[in-house]
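Reading through the C-alpha cells given below for one structure.
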Amino acid sequence: MQKSDKKVTEKIFKSDEEWKDILTPEQYRVLREKGTERPGTGLYDQFFVKGKYYCAGCGLELFESGSKFDAGCGWPSFSVPSDKTAIGENLDMSYGMVRTEVVCSRCDGHLGHVFNDGPPPTGLRYCINSASLVFKSDDEIEQERLREKKD
Ligand SMILES: [Zn+2]
C-alpha cells in the first residue's frame with residue numbers, strides 16, 4: 032500500500048496533434064509552447080471569485096482563490112499552490128534572465144513563473160497565465176459533487 036503523504040502524480044502524455052485538438056490556439060501557445068499572454072489581457076487577472084483553478088490542459092487542481100492576490104503585474108498571482116505536488120519547477124535562462132518556470136506536474140504544461148517577491152507567509156508569487164487555467168467557483172464544484180453522488 033502506498034503512503035498517503037507520498038502522493039505521486041501520474042503523468043499525462045499527448046502528441047502535439049492531440050493537444051491541438053483539445054486546446055484553444057491561445058491555450059496551446061501558452062501551455063505547450065511556453066508562451067506568455069500580454070499583461071492585463073487574461074481572463075483571470077482581475078478576477079476574485081471564490082473557487083479553484085485547474086490546469087487547462089489536464090484538469091489537475093493547481094490553485095485556490097484564497098491564495099490569489101492582486102500583484103498589479105497584469106497576470107493572475109498566487110502565493111501558494113493548492114498542493115505542492117501539483118506544480119513542477121524548471122530553471123529558465125531564456126531572454127537573458129534567470130527565472131523559475133512553473134509547470135503542471137501532470138501534463139508538463141507551462142503555467143508561468145514563480146518569484147520571491149510575494150506576500151507572507153510564503154514570500155512567493157506564482158505569476159500564472161490565465162490561458163493555462165480553468166476556473167470553477169465553489170458553487171460549481173458543489174453542484175458537480177452532488178451530481179456525481181446521484182449517479
Ligand atoms: Zn496539466
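If you want this note's numbering, it's the position in the sequence shown, counting the first as 1, plus 31. Positions of the beta carbon are idealized from the N, C-alpha and C atoms, including for glycine.
| Item | Value |
| --- | --- |
| So, Tyr-75 versus Leu-164, is the Cβ gap smaller than 8 angstroms? | yes |
| Using only CA atoms, which one of Lys-42, Leu-93 and Asp-182 lies nearest to Ile-159? | Leu-93 |
| Under 8 angstroms by Cβ, that's how I've got Phe-166 and Tyr-84 pegged, so tell me the actual separation to the nearest angstrom. | 5 angstroms |
| From Phe-79 to Glu-95, what distance separates their C-alpha atoms? | 11 angstroms |
| CB-CB under 7 angstroms to Ser-161, same chain, minus the five flanking residues each way: which ones, in chain order? | Glu-68, Gly-73, Leu-74, Tyr-75, Asp-76 and Pro-107 |
| Along the beta strand (DSSP E) that carries Val-134, what are the first and last residues, could you check? | 130-135 |
| Could you check where the beta strand (DSSP E) with Lys-83 kicks off and where it finishes? | 82-86 |
| What three-state label does DSSP hand Glu-171 in the structure shown? | helix |
| Nearest CA to the CA of Pro-151: which residue from Val-61, Phe-109, Asp-170 and Leu-122? | Phe-109 |
| Can you tell me whether Pro-56 is helix, strand or coil according to DSSP? | helix |
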